[in-house]
Structures are given as structure tokens and as C-alpha cells.
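Quick note: the sequence shown, position 324, residue 307 per our numbering, numbers continuous. Below is one structure, written out as C-alpha cells, with a few remarks after it.
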Amino acid sequence: MKLLRGLVLLCALLALPVCGPAQAQIFMSPEKAKQVGAEEHPKILKEFGGVYDDPEIGAYVATIAGRLAGQSGIPAGEFHFTVLDSPVVNAFALPGGYVYITRGTLALANNEAEAGAVLGHEIGHVVAKHSEQRYDRAIGTNILTAGGAILGSIFLGQGAGDLIGQVGSVAGGAYLAGFSRENEFEADLIGLRLLGHVGYAPIAAAGFLQSLSDYSDLETRIAGQAGRDRTMDMFATHPRGPDRVQRAMDEAQSQPAHPIYRRDEYLDRINGLLYGDDPKQGVVRGNTFSHPDLRLSFTAPDGWRIINRPDAVLVRGPDSIGQLQFDMERDKRKRDSARDMLDYITRSWASNLRFSSTDRFDVNGMPAALAASRIQSKDGSTLDVRLVAVRMPDGQIVRFVISARPQSMAGIEPSMIRAVHSLRYLTPDQAKAIQPLRLKVINAQAGDTSDTLARRMPAGNFQRERFRVLNGLREGEEIRPGERVKIVE
């Protein structure tokens, strides 16, 4: 009923020209905007896994976006459209016409009009110069979007900031921190006009945002609110959506006579799309993280949330009781000069800390060490930390940082140390066996239901709910024989 109401109310706004609205003064010139976008582009690629390695998908998305951009009043050649190799559901724009959409967003969309709605919204930000406005307000500041998880920048001293990858370390953090509700509404209006001018069904925007809301709610249920990392997802970088889009659609009164959805073509194009983690960045299966290229794996405690970021892995406990962070030493000179792992921790990794205790031990035959300290975080609170370094058989050094409030450390430390001791060096065959998951589009057969098809997906909790969210099925809806649906294999 909500979607029907939005359809009836969809607006005269589609007949209006798409042009830059009245806005706050902007000091960034077009040349400066292009320069900023070009400078931030490689940083965004690093933070979000790089460009998705499928030229056909990239060209298809650029075609959809190009149709919309052609109606924007800005030459289509001024835009740069990129599909990011990231499973998170997000899309955003930087100055200079740089527009990004993740493969996770493409997987969630169910037709070309929905994907177009996301791209049209981001083109709307470009038309309205919202990123330029944010940049002007944020000059000289670092907007840290990774929250208090970035221990490297809090206390580990010079050279330690690379412990955890952080969007906030680049100017792009200013754009990923989220626009105002009015900015978002303005981008909605422009995006809906673009959809209508091209012939896409504008109501697809509401359909996608409902799927996005369902996806976000499910992820929150799976992770538990305290353990959820929303640094880079769409509701972290955009105000919560359905009510906002309804406001835009309430100003509408018509839509194209024969609205375009292109569901079958879209499903054909995303059939085989990489789903979830890319093995090149490591994969999470249940509560185990594995990396085939680095030939390692470790297992988190039950009930803890593994968050796989491009530069590091975070493991967060329920109710914010503590956190484990994992990465590798990237400086070859530091790796080669370390006499042993305790020497590495105290003289190279964290020489500025005072340690209350230290210990040398082995992890599955690999030399390791632990050093304990108490530090003050930037917000003035006290944290107990345990730094662990392990030398792998190939000479690499892997690092764990265990952190918690002093009153919580004793409760979590045993399980965190067990996680460290679960670290394994994989054989070539074990590493080769780690394969990615992919979307598969199938035709539902007689007798198929959400339950039966969900059981064909990888084992785990919430299989049925994942299947329904992936296919945009609302409460009370069920699949029909012959209907095309997405599963994960």
C-alpha cells in the first residue's frame, strides 16, 4: 500500500527541468573539483577493494548511468562511473563527477530501474554540488568515519597509523560521513526527474530503498547492534531512506506512460556476480577468517562479529565488551630487522608504550610474543591492550591488537588468546580450496518456496531471511513457479 500511495502521488516534478538548485555559496572551482576528485579516487579504490574486475559489468553500469547523466545538464563525459569490488551496500559521489556504486549494491537491486535510481541519486549530488559544499566546510579537518576502532591512530605512535585502514584518513572521509537530510532530499528530487526523463519507473527508487531498509535491519539482527560496523554502508553515509523518498514522491503526480524496469536484462547481467568477500581480500565463513593469498586463517569466538576491511580485520564483541584487530607488518625492513617477536613489539611496532608484562610463546609452531599495556584513548577513557605478533613460516609478521575497558579485559582475554592460537598457516591445497560465492539466477519450479530455495544457499543462520531480502520479497509475498530469483552458491 505504501508503494501504491507513492505511485499515485508521483509528481509534476518529472516535468521540471533538471538543473542545479539554489544553494549555499561554493568556493571550489570546477577545475579544483576535478583535481580533488582525481586525487581522492585512488584512495577510494584502496578503501573499497579496487575496481570490480568485470569489464562487462562496468560497461553495463556506465551505460545506465550515462543515460541518466545525459539528462542532467552536465556533459556525460564529465562523469566518471566506477563499480567497486566491495560487498558492502553503498554508493556515493565525490567532487569532479566521480560516482561510485559497489557490487554489493548491484546484488541487492532487482531490476535496472532500481540500479538506475541509486545512480540517479548520486548524479543528483553531483548536479547540486553537494560534495563541493562538504569539502569547503571540511577543509583543514579530518572527519574520521571509522569511529573509535582505529587504535593505530589513537596511541601507537609514528608509523602506526597503517594498523587499520581508515576512510577518515583521506579527504574522501568528508564525503562518506553523510550529507544532510536536505541534501539527500534534493538529490532524490533530481534523481527521480532523471529516471522519469529516461523512461525508468521512478517508483523503483522506493522499491530499492525498502530492500535497503530490510537488508540493514537483517544485518543488525545478525550482528547485534553493538557489534555492527556501519562505517561504509549506505545508511551510515545517507540518512535513513524510505521516509525521505516518500517525501520526494509525495510531490509527484505522474510517471512515464510505459515505465521501464528491465528486470530480465538486469538479472542476466548480474548472473555470476561475485557475492560477499573477494578471496583476494580474504573471506569470512561463519566465524573464521581465511586469506588464500596470505595462506592463513584464524577463528573468532562464538558470538563475535568479524568485519573484513581492505587493510585489516576487526573482530568485535557483543555489547561492545571488547575488540580484536588483525593486520600484517608491511615494512620489510622492520620484519627483517626483528630479532624475535618481543623485540619487534617493544622496539619497532610500539616503542612508545610502557608495558606492564610481556611473554614469548608459540602459535602452532610459529614464534610469537605478547605485550600488555594500559593507554588513554583520544576521548580520555582508559583502555587495556594486548599486542601480539606472530612470525609466519614465509617470514611475514601478523599482528593482533586486543582492546577492552579495564573492567572487561579479564573476561575477554582468554577467548581472545584462543583466537590468536587458532592462527594457522594453510597448505597450498587448503588455500586453493577457498573459492568465492557468486549470485546465480534461476527459475523457480513448481513446489519451490522461499524456504526450499534458501536451503540451497550457503549454510548459516537467517538463510530464509537472506533469500527474501536478496529478492526484494516483502512480508506475505511468496515466489511463483517460473519466476526468476537470485540465490547464492
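Virtual Cβ for every residue (Gly too), placed ideally from N, Cα, C. Note that the coordinates shown come from a computational prediction; the quantities given were computed from them, not determined experimentally.
Under 8 angstroms between C-beta atoms of residue i and residue j
| i | j | result |
| --- | --- | --- |
| R421 | E312 | no |
| A74 | Y81 | no |
| R292 | E95 | no |
| R357 | S339 | yes |
| T282 | S163 | no |
| D260 | P70 | yes |
| E61 | A111 | no |
| I243 | Y183 | yes |
| L473 | G56 | As shown, the chain starts at -16 and ends at 472. That puts residue 473 outside it, with no answer to give. |
| P327 | I290 | Note on residue identity: the sequence assigns Tyr, not Pro, to residue 327. No. Outside cutoff. |
| V66 | Y35 | yes |
| G32 | Q264 | yes |
| P185 | L192 | no |
| A187 | A100 | yes |
| L325 | A352 | yes |
| A98 | Y258 | no |
| V424 | K361 | no |
| L366 | R337 | no |
| V19 | S194 | no |
Cα-Cα separation between residue i and residue j, rounded to whole angstroms
| i | j | result |
| --- | --- | --- |
| P13 | T410 | 53 angstroms |
| G443 | E396 | 27 angstroms |
| V153 | E22 | Per-residue confidence for V153 stands at a pLDDT of 34, beneath the threshold of 50, marking its modelled position as unreliable; the derived number appears in the next sentence. Distance between the alpha carbons of V153 and E22 is about 10 angstroms. |
| G455 | G190 | 8 angstroms |
| P262 | M399 | 24 angstroms |
| E461 | R447 | 12 angstroms |
| Q8 | Q116 | Any reading at Q8 must be qualified, since the residue scores a pLDDT of 49, below 50, and its modelled position is unreliable; no value is offered. |
| A372 | D342 | 11 angstroms |
| L51 | F272 | 40 angstroms |
| A402 | M375 | 16 angstroms |
| R330 | G300 | 30 angstroms |
| R407 | Q413 | 11 angstroms |
| V44 | H113 | 22 angstroms |
| R268 | G53 | 42 angstroms |
| I253 | E202 | 22 angstroms |
| S433 | I417 | 28 angstroms |
| M392 | L77 | 41 angstroms |
| G465 | V109 | 40 angstroms |
| G41 | G255 | 14 angstroms |
| V471 | I304 | 33 angstroms |
| R483 | L277 | Residue 483 lies beyond the stretch modelled for the chain, which goes from -16 to 472, so this question has no answer here. |
| D323 | D285 | 32 angstroms |
| Y198 | V266 | 20 angstroms |
| R369 | V384 | 6 angstroms |
| T435 | I27 | 39 angstroms |
| L89 | E39 | 13 angstroms |
| G430 | A437 | 13 angstroms |
| V439 | R86 | It is worth fixing the name first, because residue 439 is Arg in this sequence and not Val. Distance between the alpha carbons of R439 and R86 is about 22 angstroms. |
| H63 | G79 | 8 angstroms |
| H274 | I47 | 34 angstroms |
Boundaries (first-last residue) of the alpha helix (DSSP H) holding residue i
| i | result |
| --- | --- |
| K423 | That residue, K423, is in no alpha helix (DSSP H); its beta strand (DSSP E) goes L420 to N426. |
| K361 | First-last for K361: undefined, no H or E at that position. |
| F31 | That residue, F31, is in no alpha helix (DSSP H); it is neither H nor E in DSSP. |
| Q306 | Here Q306 belongs to no alpha helix (DSSP H); instead the beta strand (DSSP E) covers Q306 to M311. |
| T435 | S433 to A437 |
| F450 | Q446 to L453 |
Residue i - containing beta strand (DSSP E), residue span
| i | result |
| --- | --- |
| D261 | Careful: D261 lies outside any beta strand (DSSP E) and carries neither H nor E. |
| S386 | I380 to A387 |
| S273 | T271 to H274 |
| I289 | R288 to N291 |
| D345 | S340 to V346 |
Per DSSP, the bridge partner or partners of residue i
| i | result |
| --- | --- |
| Y408 | L279 |
| Y183 | I243 |
| D314 | D314 pairs with nothing; no bridge assigned. |
| I470 | K423 |
| P301 | P301 pairs with nothing; no bridge assigned. |
| F168 | Per DSSP, none; premise fails for F168. |
| R463 | Note: R463 sits in no beta bridge, so no partner. |
| A372 | A352 and R382 |
| T296 | The residue you asked about is not Thr; residue 296 is Val in the sequence shown. Answer by DSSP bridge pairing, in chain order: N291 and F309. |
CB contact check: residue i to chain D, cutoff 8 angstroms
| i | result |
| --- | --- |
| A427 | The structure shown has no chain D; it contains just one protein chain. |
Please list the segments of the beta strand (DSSP E) lying wholly inside the stretch 37 to 99, counting only runs of 3 or more residues, in order along the chain.
63 to 67, 74 to 77 and 81 to 85
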